[in-house]
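Quick note: the sequence shown uses the working numbering, first residue 1, plus one each step. For each residue, glycine too, the CB sits at the ideal point set by N, CA and C. Here the structure is a predicted model, which is why all the values come from computation and not from measurement.
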Amino acid sequence: MKIDRLSQTDSVWKISLSTEDEQDVSRLWIHEYQMRFGTARLKLGGIAGVGTKEEHRNRGYSRRVMEDSTAFMTENGFDVAMLFGIADFYPKFGYATALPETWVEFDTAEAQAAVSTYQIRKFETGDVPKILALYAANNAERTGTPLRDETRWKDFKMGSGFGVVADPFVVLNEAGEVIGYFVCDETEEKCLLCDIGFQDRTIFETIVCFLGDRAKHIGAAQIECSMPADHPFAIFCRRYGCRTNIQNPKNRGGMMRIINQSSTLQRITGELEKRLRRSAHLSQWSGKILISTELGQDCLGIDRGRVAHTSSKANAFQLEIPQDKLIQLMMGRRSIEDLAVEPDVSVTGGIIPILETLFPLGYPHVWWPDRF
1 MKIDRLSQTD SVWKISLSTE DEQDVSRLWI HEYQMRFGTA RLKLGGIAGV
51 GTKEEHRNRG YSRRVMEDST AFMTENGFDV AMLFGIADFY PKFGYATALP
101 ETWVEFDTAE AQAAVSTYQI RKFETGDVPK ILALYAANNA ERTGTPLRDE
151 TRWKDFKMGS GFGVVADPFV VLNEAGEVIG YFVCDETEEK CLLCDIGFQD
201 RTIFETIVCF LGDRAKHIGA AQIECSMPAD HPFAIFCRRY GCRTNIQNPK
251 NRGGMMRIIN QSSTLQRITG ELEKRLRRSA HLSQWSGKIL ISTELGQDCL
301 GIDRGRVAHT SSKANAFQLE IPQDKLIQLM MGRRSIEDLA VEPDVSVTGG
351 IIPILETLFP LGYPHVWWPD RF
């Protein structure tokens with residue numbers, strides 16, 4: 001038995017396990033991305049295509065491949081890893097659910113009140129630069145979103161599910177300039193929107209009008225939109241009586257783990273400073289917080305709004321926490337008060353308000369066309 005690490009492109013690697021009798025019986029792919037943590041950037045390993053040939057299953061091959069992927073990412077400077085996985089398999093490799101799955105739904109009948117004021121046409125290759133600009137602006141501080149690399153991103157690779165074909169559109173102003181985009185599923189079974197970008201909110205009613213006509217044409221009673229619960233379009237749709245369904249899976253879906261704890265904490269200090277300075281009563285706090293996980297110990301020094309990764313641990317407040325719970329705290333899935341009651345978490349009580357400020361609850365997201 002052997003494991004090969006095969007470079008597919010300059011940003012994609014394949015981890016492949018072969019037996020003495022057969023090549024590539026179990027494999028996965030690692031995609032390199034830059035992921036937003038607020039305004040900070042982390043080197044993300046996106047795990048995709050985990051699988052073993054049916055006749056070779058239940059022999060521990062996927063475990064070997066998953067373990068080697070973690071070793072590979074550790075050796076190659078990745079900060080964190082993410083995957084979209086089935087239930088009850090990935091926690092054994094340190095992954096924990098970090099992303100909610102959110103759907104905003106409203107009735108087709110209600111959408112008939114919307115009035116269109118802008119032109120809509122199909123997405124074309126020449127629209128890519130503007131779409132990239134809108135995406136970057138709209139998601140500038142959206143934790144979880146991968147950067148769309150202008151050298152690699154060419155189109156919307158899928159709709160609201162793996163294997164679902166995307167049907168993308170752009171919104172044009174009177175001059176024919178792209179001022180927005182949205183992505184539907186190419187299907188007549190449901191009316192689904194899974195990505196949206198905008199220059200300003202005036203285009204929202206035109207999009208609702210389009211979706212209402214599309215849903216009516218195919219006989220869909222509802223319009224369904226996959227997006228964060230606090231997205232401006234989700235807020236706009238409240239006037240149509242929308243319903244927001246936030247699913248928080250136990251141990252499946254959008255899952256993450258920390259690969260390099262020290263580099264991760266070092267790279268997010270600037271974002272932590274921004275969060276701290278926005279606090280009226282904690283921006284002048286000073287002290288040190290020692291974060292201990294099975295990956296090691298890292299100390300954050302805080303001095304009246306400034307945050308730094310420091311080697312000095314003397315007189316530090318303590319946060320002892322497993323890395324799979326630390327990533328949930330970082331991503332805004334769970335609060336420190338919620339985590340503090342867990343038997344494997346220990347926190348100096350006096351720093352709970354500081355940790356709440358540094359790691360608030362949030363709405364991390366990866367738009368469906370960017371998933372892997």
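Taking the C-beta atoms as reference points, F72 is found no nearer than 8 Å to R148.
Between the C-alpha atoms of S116 and F162 there is a straight-line separation of about 31 Å.
With respect to the 8 Å criterion, I354 and L272 are not classified as neighbours on the basis of their beta carbons.
Note on geometry: alpha-carbon atoms of D155 and T125 lie some 7 Å from one another. Looking at the DSSP output, M82 sits in a beta bridge with G46, M256. Under the three-state reduction of DSSP output, A96 falls in the strand class.
Taking each of T39, K157, T102, D88 in turn and checking the Cα distance to F372, the smallest one comes out for K157. Per DSSP, E101 is one residue of the beta strand (DSSP E) stretching across 101-107.
Under the DSSP definition of a beta bridge, R41 partners with R36. By the beta-carbon neighbour count (other beta carbons within 10 angstroms, threshold 16), I258 is buried. For the 8 Å CB-CB criterion, N260 and D68 do not form a contact. When secondary structure is reduced to three states using DSSP, A308 falls in the strand class.
Judged by pairs of C-beta atoms under 8 Å, the segment 301-310 does not touch the segment 325-339, as fewer than three such pairs exist.
The alpha carbon of D200 has as its nearest neighbour, out of Q222, C225, H231, V183, the alpha carbon of H231. Between the segment 50-66 and the segment 96-109, the count of C-beta pairs closer than 8 Å stays below three; the two stretches do not touch.
Taken through DSSP and simplified to helix, strand or coil, W13 comes out as strand. Checking the DSSP bridge columns, you'll see L6 partnered with K14. DSSP places N138 inside the alpha helix (DSSP H), whose first and last residues are 128-138.
Taken in chain order, the unbroken stretches of alpha helix (DSSP H) that lie wholly in the segment 186-272 and span 4 residues or more are 204-218, 232-236, 261-267.
Taking the C-beta atoms as reference points, S286 is found no nearer than 8 Å to I268.
The residue from E110, R57, I30 with its alpha-carbon nearest to that of L83 is I30. DSSP places V183 within a strand segment (E or B) once states are collapsed to three.
Short of 6 Å from the beta carbon of E224, and not among the five residues preceding or following it, lie these beta carbons of its own chain, in chain order: W103, E105, L192. The residue among K190, K122, R239, L134 with its C-alpha nearest the C-alpha of S160 is K190. The Cβ-Cβ distance between V171 and A111 does not fall below 8 Å. Counted as a single uninterrupted DSSP element, the stretch harbouring I291 is not any alpha helix (DSSP H) but the beta strand (DSSP E) occupying residues 286-293. The residues Q328, in chain order, have a CB closer than 6 Å to that of R334 in the same chain once the five nearest residues on each side in sequence are set aside. Secondary structure note for L355: it is in no beta strand (DSSP E), and the uninterrupted alpha helix (DSSP H) holding it is 352-358.
Contact between the segment 34-43 and the segment 173-184 is absent, with fewer than three C-beta pairs closer than 8 Å. Annotated three-state conformation of I336 is helix, per DSSP.
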